[in-house]
Each structure stands twice: as structure tokens, then as C-alpha cells.
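Structure record follows, encoded as C-alpha cells.
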Amino acid sequence: MLVMLASRMIFDSGFPGFDRKKTEHSTKKIDLERNRLRSKMPRYAHIVVGPAGSGKSTYVSAMLAHAEACQRSMFAVNLDPAAEIFNYNPIADIRELIQIEDVMEDKSLNYGPNGALVFAIEYLMKNLDWLAEKLGTTEDDYILFDTPGQIELISHLSVIKDLTKYLENLNFHICIVFLLDSQFISDISKYFSSLVVSLITLINLELPMINLLTKVDKMTPDQRKLLEDLLEPNSNLLNENSPCFTRTKNDKFYRLSKAFAQIIDDYSLQKFLPFSVLEEDLMNDVLLVADNCIQYGEDAEVFAKDIEF
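Mapped onto UniProt numbering, the consecutive letters of the sequence shown carry residue numbers 1 to 309.
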């Protein structure tokens with residue numbers, strides 16, 4: 001006890017050359033610099049988009065399970081106010097902020113389902129502090145954002161783009177993941193129109209993007225044979241005499257499909273990866289491509305135990 005008291009007296013009286021205020025100031029500067037560097041540590045995100053029914057929520061839940069199996073930390077955010085059931089636990093759920101049923105029941109708004117959904121997303125954009133609080137400030141986060149299937153949120157409105165800009169200000173590295181149901185290839189017109197939607201998404205959001213052809217495990221044998229050509233689409237597909245495509249009997253619409261196909265050829269920006277939640281190898285491939293897009297892991301420290309000699 002006497003030793004502790006003596007030590008306290010010496011410390012309070014000061015050592016030769018010891019400046020308490022200067023030391024406290026230096027400590028504060030170190031803390032501020034540490035926080036500044038931490039705020040610059042990158043965070044990572046997938047913005048999962050695509051037509052309704054393309055498997056966005058399934059993709060998110062499957063990737064979360066896959067990441068857990070790989071001992072990787074990954075989280076999810078639900079941005080679909082009309083979602084009813086999904087198999088993951090989000091760290092943020094827009095339904096906690098606004099209920100689409102409440103919007104539709106508001107007599108002063110008089111919105112239908114689509115109008116209510118747009119209103120809900122715009123309401124979120126006016127309350128981004130809520131989202132920021134849910135996301136927290138932990139560095140090196142990897143978050144999947146599950147979005148609604150209404151493509152007009154990207155093609156006609158700026159809400160998704162505004163959201164990505166906000167996330168970039170929070171130092172997120174973002175990759176757009178565009179999902180297309182493989183069953184769309186049963187009709188050549190639907191297939192090429194979906195490719196145009198994918199191109200519109202790329203142009204409007206101006207971010208790295210990967211295209212996934214989902215549910216490939218449900219493709220017919222004839223479709224499977226053509227899968228390699230479908231993953232790198234071009235106008236030659238219109239000339240294929242393949243039973244996997246149902247050619248429309250209306251020549252006018254067939255010519256429209258050819259025009260869409262020519263756009264795809266001109267830009268040469270469309271390439272798909274096959275995806276199925278039942279095939280681990282495909283999930284590994286998709287995650288690797290996404291990681292490369294957002295430069296995930298490039299700042300990680302390398303330890304001797306991580307290197308195979």
C-alpha cells in the first residue's frame with residue numbers, strides 16, 4: 001500500500017522532463033489518427049439487383065451460408081419493403097423503418113403496390129442516418145444488399161444510384177450483382193430484352209458489375225448444351241436452330257430481337273457466370289470474381305502461417 005501511495009505521489013509530482021499535458025495531447029493525437037485511418041479502411045458490398053423472381057434473396061442467403069462455411073464474415077441488408085419471407089437474418093431491414101402496407105393504407109397518398117414501394121425506398125433515402133447506424137463503423141465489413149425487383153428503381157429513378165453514392169462516401173467498395181433467371185432463355189425475345197436491362201443497369205449505376213445466370217440446375221438438357229454460348233451472348237444466337245429457343249412467329253418482334261442483339265454485339269459488355277445454390281464450385285467462382293471486382297483482401301496482412309512452403 002505504501003509503495004502504491006509513494007508511486008502515486010511521484011507520478012503526481014512529476015518525473016524530470018515529464019509534461020503531463022503534452023503527453024495527454026500526444027495521446028489524443030494518436031487516437032484521432034487511429035480513428036482517421038480506421039475510417040479510411042475499406043468496406044465491401046454487393047448490391048444485388050435483377051427482375052422479380054430471379055433469386056436475389058436466395059443468392060443472399062446462400063452466399064451468407066457459403067461465407068460461414070469458409071469462415072468469412074458476411075452480413076445482409078434487406079432493402080425490399082415488400083419482402084415477406086427470406087432465409088437470412090439482416091443487420092438492417094427496411095421494414096423496421098417503413099411498412100409498405102402502411103403506405104398503401106394511407107388515404108392521403110393513395111398509392112398502389114408499386115407506388116408504395118417507390119415511396120418506401122425514397123423514404124429510406126431521406127433517413128439514411130438510420131441505415132448508417134445499422135451498418136455501424138466496423139472496418140472490413142462485407143455486406144450484401146438485397147433490393148426490390150422493380151427495375152424502374154434503376155432505369156427511371158435515381159434512388160439506387162444515390163444509395164451507392166452514399167455507401168461510397170462510407171468507404172464501401174461496391175460491386176453490382178445482376179441476376180437473370182435461366183428460364184428466360186426459353187424465349188429469345190425475353191433473353192435479349194433482359195440483356196438490354198442488364199446493360200441499362202451497368203450504364204446507370206456506373207459501377208463494376210457481374211451478371212449471373214441463376215438456377216442453371218433447372219435448365220433442360222438442350223439448354224445445358226447451349227450454356228457456354230449463352231454465357232457470352234451475341235447476335236449469332238438468333239441464327240441457331242436450337243430447340244432451346246422458341247422463336248416468335250411475329251416477324252416484327254423477331255426483327256426487334258435482332259436489333260437488341262446487335263446492341264449487345266456493339267458494346268460487347270455482356271458476359272454471364274452460371275450460378276446455382278446447389279453447386280459449391282459455382283458459388284466459389286462467383287465470390288472470387290466479386291472479390292476481385294471490389295479488391296477484397298488486398299489490404300490484408302500476410303502471416304507466415306498463411307503461406308504454404
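From the three backbone atoms N, C-alpha and C, an ideal C-beta is built for every residue, glycine too. This one's a predicted model, so the numbers in the text were calculated from it and none came from an experiment.
Return helix, strand or coil for Ala-69, following the three-state DSSP convention. DSSP places Ala-69 in helix when its eight states are reduced to three.
Considering just the uninterrupted stretch of the alpha helix (DSSP H) at Ala-290, what are its terminal residues? Counting along the chain, the alpha helix (DSSP H) containing Ala-290 begins and ends at 280-294.
Where does Asp-306 land, buried or exposed, given buried means 16+ other C-beta within 10 angstroms? Residue confidence for Asp-306 is low, a pLDDT of 48 falling below 50, so the modelled location carries little weight and cannot support an answer.
Can you have a look at Tyr-142 and say buried or exposed, based on whether 16 or more other CB atoms are within 10 angstroms of its CB? Counting Cβ neighbours within 10 Å, Tyr-142 comes out buried, since at least 16 surround it.
Complete runs of the beta strand (DSSP E) confined to the segment 187-238 [at least 3 residues]: Correct list: 209-214.
Measure how close the beta-carbons of Leu-205 and Phe-272 come, nearest whole angstrom, since I'm counting them as under 8 angstroms. Contact flag wrong, Cβ pair sits at about 18 angstroms.
Could you give the DSSP three-state label for residue 372: helix, strand or coil? Only positions 1 to 309 of the chain appear in the structure, and residue 372 is not among them; the question remains open.
Name the one or two DSSP bridge partners that Val-49 has. Val-49 is bridged by DSSP to Phe-178.
For Gln-295, which residues from the same chain have a beta carbon less than 7 angstroms from its beta carbon, with the 5 sequence-adjacent residues on both sides left out? Excluding residues within five positions, the ones whose Cβ falls inside 7 angstroms are His-173.
Ile-91, buried or exposed, once every other Cβ within 10 Å from all chains shown has been counted against 16: Burial call: exposed.
Could you pull the DSSP bridge partners for Ile-143 from this structure? Residue pairing for Ile-143: DSSP places it in a beta bridge opposite Ala-45, Phe-75.
Just the Cα atoms here: how many angstroms apart are Ala-67 and Lys-252? Approximately 47 angstroms between the Cα atoms of the pair.
Can you have a look at Asp-146 and say buried or exposed, based on whether 16 or more other CB atoms are within 10 angstroms of its CB? Flag for Asp-146 reads buried.
Within its chain, find whatever has a CB closer than 8 angstroms to the CB of Ser-54; leave out the 5 residues flanking it on each side and keep chain order. Here the set comprises Gly-149, Leu-179, Leu-180, Asp-181, Thr-214.
CA nearest to the CA of Leu-153, picked from Gly-50, Lys-56, Val-196: When each option's Cα is compared against that of Leu-153, the closest is Gly-50.
By Cβ distance, which residues of its chain are closer than 8 angstroms to Gly-112, with the 5 residues on each side in sequence left out? Cβ-Cβ distances below 8 angstroms link Gly-112 to Met-104 in the same chain, with the five nearest sequence neighbours on each side left out; the list follows chain order.
Can you grab the Cα-Cα spacing for the pair Ala-120 / Gln-99, in whole Å? Cα to Cα, Ala-120 sits roughly 8 angstroms from Gln-99.
Please confirm if the segment 122-141 is in contact with the segment 78-95, defined as three or more CB-CB distances below 8 angstroms between the two stretches. Yes: the two stretches touch, three or more of their Cβ pairs being nearer than 8 angstroms.
What's the gap between the Cα of Tyr-254 and the Cα of Asp-187? The straight-line gap from Cα to Cα measures roughly 11 angstroms.
Compute the beta-carbon to beta-carbon distance between Leu-227 and Pro-274, rounded to the nearest angstrom, for a pair I have assumed lies under 8 angstroms. The Cβ separation is near 7 angstroms, so the contact holds.
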